[in-house]
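Down below is the structure, laid out as structure tokens.
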Amino acid sequence: MNGAVETANKNIKMIVGKMTKTYKDWREKLSFAFYAYRTSVRTSTGATPFSLVYGMEAVLPIEVEILSLRVLAELNLDEAEWIQSRYDQLNLIKDKRLKAIHYGQMYQKRMMRAYNKNVRPREFNEGT
């Protein structure tokens with residue numbers, strides 16, 4: 279698991295580095311970097327971390343400024359319909375997480391096969 283944490287830290291550091299001109303203003307950009315990281319699709323799971331936690335994709339700020347189909351659909355729902363749709367989304371979150379676990383296992387197998395393709399077995403003999 280430490281490898282995953284190190285990779286996440288490396289990616290967040292790279293995002294912050296691209297957003298800042300000097301290292302002095304990194305703290306101001308950190309929350310935006312986290313948001314970008316949490317709303318981008320992970321190759322290992324095939325989903326965004328945000329969707330795996332909350333059961334739906336995040337509404338991006340641009341979708342609020344330029345109304346997207348999803349935002350328009352939610353604006354036209356009455357409260358009971360919105361509650362029902364949210365309840366349905368939350369019921370599907372377990373399936374989504376299971377799919378992410380399965381996708382992650384398949385991803386690990388692909389990585390293992392790619393690594394093992396280049397590994398040559400070595401035999402060591404006891405020295406005298």
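Sequential numbering of the sequence shown, starting at 279, is according to the numbering used here. The beta-carbon is built from N, C-alpha and C at its ideal position, and this holds for glycine as well.
Specify, as a first and last residue, the run of the alpha helix (DSSP H) that residue i falls within.
i    : result
L368 : 357 to 395
M338 : The residue you asked about is not Met; residue 338 is Leu in the sequence shown. Note, L338: premise wrong, no alpha helix (DSSP H); not H, not E.
F402 : That residue, F402, is in no alpha helix (DSSP H); it is neither H nor E in DSSP.
D315 : According to the sequence provided, residue 315 is Tyr. The question's Asp does not apply to it. Note, Y315: alpha helix (DSSP H), 304 to 316.
S322 : Per DSSP, S322 belongs to no alpha helix (DSSP H) and is neither H nor E.
Y332 : 327 to 332
Work out the CA separation of residue j and residue i for me, nearest whole Å.
i    : j    : result
R400 : Q383 : 28 Å
N354 : R364 : 14 Å
V331 : Y381 : 16 Å
F328 : K387 : 25 Å
G271 : K288 : In this structure the chain extends from 279 to 406, so residue 271 is not present and cannot be described.
D373 : A311 : 28 Å
Residue j and residue i - do their beta-carbons sit closer together than 8 Å?
i    : j    : result
A325 : A282 : no
T336 : T317 : One detail in the question is off: residue 336 reads as Ala in this sequence, not Thr. Yes. Within cutoff.
G333 : L368 : yes
Q) Is the segment 358 to 367 close to the segment 383 to 394, with three or more CB pairs under 8 Å? A) no
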